Amino acid sequence: MGKRSLVLVIADKEIAAKILFALSASAAILAVGLICVFLFMQGLPAIWNIGIINFLTGTSWRPTWDPPLYGILPMIVGSLYVTAGAILFGVPIGIFAAVFMAKFCPSPVHKILKPAINLLAGIPSVVYGYFGMVVLVPFVRENFGGNGNSILTASILLGMMILPTIITISESAIRAISPEIYEGAIALGASHENASFRVVLPAAKSGVMAAVILGIGRAIGETMAVRMVAGNQAVLRMPHEFLSGARTLTTNVVLELGDAYGGHRAALIATGVVLFVFILLINALFSMLKKKGGA
Amino acid sequence: MNKTNKYSMKNVDLWYNDFHALKNINMDIPPNEITAFIGPSGCGKSTLIKSLNRMNDLVEGCKISGSILLDGESIHGNIDVNALRKRVGMVFQKPNPFPMSVYDNIAYGPRTHGIKSKFKLNEIVEKSLLDAAIWDELKDRLKKSALSLSGGQQQRLCIARALSVQPDVLLMDEPTSALDPISTAKIEELVIKLKTDYTIVIVTHNMQQAVRISDNTGFFLLGELIEYGNTQQIFSMPSDKRTEDYITGRFG
Ligand SMILES: Nc1ncnc2c1ncn2[C@@H]1O[C@H](COP(=O)(O)OP(=O)(O)O)[C@@H](O)[C@H]1O
Ligand SMILES: [Mg+2]
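Taken in order, these protein sequences are the chains called B and X. At position 242 of the first sequence (counting the first as 1) the number is 242 in the numbering used here, and the numbers step up by one without a gap. At position 134 of the second sequence (counting the first as 1) the number is 134 in the numbering used here, and the numbers step up by one without a gap.
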């Protein structure tokens with residue numbers, strides 16, 4: 001075998017690798033595309049039939065009535081409540097934890113904390129849900145009242161579930177701020193705390209915002225854990241009713257899709273469309289922020 | 001020298017772990033003068049200037065011995081290191097404005113030291129920018145991000161930021177090495193003007209700069225202070241052969 005054919009073999013391998021990578025990448029795009037097409041193909045006609053106003057602003061979800069009522073406002077509001085609640089619990093704790101890990105914790109502690117947080121990210125949501133059922137639900141029932149299956153409980157649980165996302169991404173955003181910025185603050189006589197919270201953290205704000213948005217995406221899309229602690233009543237709640245149960249867009253689908261057919265099934269798929277649009281908006285916001293942060 | 005010295009260093013040694021970076025430095029720095037540190041890369045100029053406001057405390061494995069007195073008082077004794085750094089401002093080699101507005105860059109220091117009144121902060125921002133000779137350029141851009149300024153403006157903003165907490169010493173580590181000649185000239189002019197109110201220590205790679213602006217010059221080599229004295233004298237008749245070699249461009 002001469003030198004030349006060896007070169008050819010290597011070139012062939014490179015081409016093969018390139019094709020493989022291209023195929024894998026297109027598989028991902030194809031998957032997203034297919035999901036879009038089928039979701040919208042099945043969901044949009046349903047929204048059309050129900051009437052977009054009736055669908056989005058209707059406060060009654062009565063799929064078994066004749067004629068059925070398909071109003072998903074309670075679920076939209078339910079999703080917004082638990083997501084807002086998750087942000088309320090998860091974001092401050094997550095950001096403080098990220099600052100702690102990037103700027104305060106001694107490296108032996110970091111060596112334990114970091115894998116622990118990675119582990120937290122990998123726990124299946126049904127396990128979180130189980131934890132919510134046996135720990136949080138009784139906790140909320142005994143300390144705040146109600147039966148414990150509530151918006152508050154789901155918010156706390158989701159707040160915990162988005163912590164790893166927020167901590168990990170915020171921490172790397174904080175670490176990416178050049179040490180000269182920190183030193184500039186220290187050289188003015190600022191304390192370590194002051195320099196960390198008032199200079200370095202604000203400097204990392206676009207990364208931290210991105211972390212929060214990804215956390216929101218995770219919270220709004222979470223299904224199993226919410227289903228296990230939220231009570232799931234398809235009732236429009238007011239904010240002060242945070243000790244009552246509520247249903248989210250995701251749980252609406254998963255609770256009923258099993259034995260739904262016809263118009264009911266189509267209305268559930270249409271619920272999925274609304275959820276998907278939420279996620280698209282959140283992603284658009286995310287890439288906008290990323291662009292701003294990169295500039 | 002009949003004035004009392006601003007800084008007085010005696011037998012200062014400094015190690016980065018096992019590396020002996022400063023060797024038995026003895027040096028007095030007079031007030032309201034410009035003192036330049038020159039010498040080839042890696043000779044310890046930055047290390048020494050960072051010892052003067054204890055920025056070396058941030059470096060893990062850094063040990064220092066000997067004494068450094070500021071106005072007759074040890075900077076390693078029973079003092080608040082944040083108060084020391086408020087008294088001794090620092091300007092870095094690469095302009096390092098905070099990624100916030102021009103106004104907030106200047107107001108950060110005073111706010112940190114407890115000034116809350118909006119009126120007082122406005123006053124400080126204006127005065128600091130005036131003193132750093134950049135008020136006219138920036139007075140209409142106070143709300144703009146500091147990162148939108150040119151390199152030279154950023155560096156003068158950093159000087160203004162250092163002035164905002166009313167220090168009495170200004171340490172500058174090669175403040176013009178990243179700047180064009182015009183920005184450099186502006187900063188040199190500014191530094192000369194500032195010496196009436198501040199004691200200035202400046203590290204420079206540029207020997208013409210040392211000649212143009214400084215009153216005293218110290219020449220360093222491999223962690224040692226080889227020669228220190230009046231700038232005119234050092235550059236016209238250095239007493240050490242190595243100083244002469246360096247300033248005539250025979251090495252470094
Ligand atoms: N953080 C550090 N850790 C270890 N060695 C260092 C550190 N900073 C500087 N040094 C070493 O100390 C010597 C002096 O460095 P420096 O003071 O930066 O020199 P200069 O500013 O004169 O170029 C160099 O040999 C450099 O490699
Ligand atoms: Mg240096």
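Quick reminder that beta carbons are idealized off the backbone N, C-alpha and C, glycines included. Nothing here was measured: the structure is a model prediction, and the numbers come from that model.
Proximity test, residue i beta-carbon vs ligand 1 heavy atom, cut-off 7 Å
i, result
"Ser46 of chain X", "yes"
"Tyr16 of chain X", "yes"
"Gln41 of chain X", "Inspection of the sequence shows that residue 41 of chain X is occupied by Ser rather than by Gln. Indeed, a heavy atom of ligand 1 lies less than 7 Å from the Cβ."
"Phe19 of chain X", "yes"
Distance cut-off 7 Å: residue i Cβ against heavy atoms of ligand 2
i, result
"Glu174 of chain X", "yes"
"Val59 of chain X", "no"
"Val203 of chain X", "yes"
Beta-bridge partners of residue i, as assigned by DSSP
i, result
"Gly229 of chain X", "X:Thr217"
"Asp28 of chain X", "X:Ser8"
"Ala246 of chain B", "B:Gly231"
"Val91 of chain X", "X:Met172"
"Trp61 of chain B", "B:Tyr70"
"Thr199 of chain X", "X:Val169"
"Leu14 of chain X", "X:Leu22 and X:Ile64"
"Ala36 of chain X", "X:Ile202 and X:Thr217"
"Leu70 of chain X", "X:Tyr7 and X:Glu73"
"Glu224 of chain X", "X:Leu221"
"Ser145 of chain X", "X:Ser101"
Whole-Å CB distance - residue i paired with residue j, under 8 Å assumed
i, j, result
"Leu39 of chain B", "Gly272 of chain B", "6 Å"
"Gln155 of chain X", "Pro181 of chain X", "Rounded, the Cβ-Cβ distance is 14 Å, inconsistent with contact."
"Ala230 of chain B", "Thr251 of chain B", "7 Å"
"Val201 of chain X", "Ile25 of chain X", "Not really, about 13 Å apart at Cβ, beyond 8 Å."
"Lys326 of chain X", "Tyr103 of chain X", "It is not possible to answer for residue 326 of chain X, since the shown part of chain X is limited to 1 through 252."
"Ile72 of chain B", "Val277 of chain B", "Rounded, the Cβ-Cβ distance is 12 Å, inconsistent with contact."
"Ala83 of chain X", "Gly189 of chain B", "7 Å"
"Ser8 of chain X", "Asp28 of chain X", "5 Å"
"Ala203 of chain B", "Ile181 of chain B", "6 Å"
"Arg161 of chain X", "Ile106 of chain X", "6 Å"
"Lys111 of chain B", "Ser196 of chain B", "The Cβ separation is near 20 Å, so there is no contact."
Residue-chain proximity (residue i, chain C), Cβ-Cβ < 8 Å
i, result
"Met100 of chain X", "Structure shown: chain C not included; protein chains present are B and X."
Proximity test, residue i beta-carbon vs ligand 3 heavy atom, cut-off 7 Å
i, result
"Cys158 of chain X", "Among the ligands in the structure shown, ligand 3 does not appear; only ligand 1 and ligand 2 can be found there."
Cβ contact (3+ pairs, closer than 8 Å) linking the stretch 92-111 of chain B and the stretch 166-173 of chain B: Taking 8 Å as the limit for Cβ pairs, the verdict is that the stretch 166-173 of chain B does touch the stretch 92-111 of chain B.
The stretch 239-250 of chain B in contact with the stretch 120-137 of chain B per 3-pair CB rule at 8 Å: no
Residues, ordered as in the chain, of the stretch 167-185 of chain B that lie near chain X by beta-carbon distance below 9 Å: From the stretch 167-185 of chain B, only Ile177, Ser178, Pro179, Glu180, Ile181, Tyr182, Glu183, Gly184 and Ala185 have a Cβ closer than 9 Å to chain X.
Chain B contacts made by the stretch 74-85 of chain X, where a contact means CB separation under 7 Å: Asn82, Ala83 and Arg85
Stretch-stretch touch, CB-based, cutoff 8 Å, three pairs: the stretch 74-93 of chain X with the stretch 157-166 of chain X: yes
Interfacial residues, the stretch 188-211 of chain B to chain X, with Cβ spacing under 8 Å: Leu188, Gly189, Ala190, Ser191, Asn194, Arg198, Val199, Pro202 and Ala203
At least 3 beta-carbon pairs within less than 8 Å: the stretch 76-84 of chain B vs the stretch 201-220 of chain B: yes
Segment contact, 8 Å Cβ cut-off, at least three pairs: the stretch 118-135 of chain X with the stretch 179-195 of chain X: yes
Contact the stretch 211-218 of chain X vs the stretch 31-49 of chain X: 3+ CB pairs below 8 Å: Yes, they touch.
Touch test, the stretch 194-207 of chain X against the stretch 24-35 of chain X, Cβ-Cβ under 8 Å, three pairs minimum: Counting Cβ pairs under 8 Å, three or more are found: they touch.
Contact list for the stretch 39-59 of chain X against chain B, Cβ threshold 8 Å: Asn53, Met55 and Leu58
Three CB pairs or more closer than 8 Å across the stretch 239-246 of chain X and the stretch 48-68 of chain X: no
Contacting positions in the stretch 151-177 of chain X - beta carbon closer than 8 Å to chain B: Cβ contacts with chain B: Cys158, Arg161, Ala162, Ser164 and Val165.
Contact set between the stretch 10-28 of chain X and chain B, restricted to residues whose Cβ is under 8 Å from the partner: none
The stretch 199-219 of chain B in contact with the stretch 141-149 of chain B per 3-pair CB rule at 8 Å: The answer is no - the stretch 141-149 of chain B does not touch the stretch 199-219 of chain B, with fewer than three Cβ pairs under 8 Å.
Meets three-Cβ-pair contact criterion under 8 Å: the stretch 10-25 of chain X and the stretch 220-230 of chain X: yes
The stretch 255-270 of chain B / the stretch 56-64 of chain B touching (three or more Cβ pairs under 8 Å): yes
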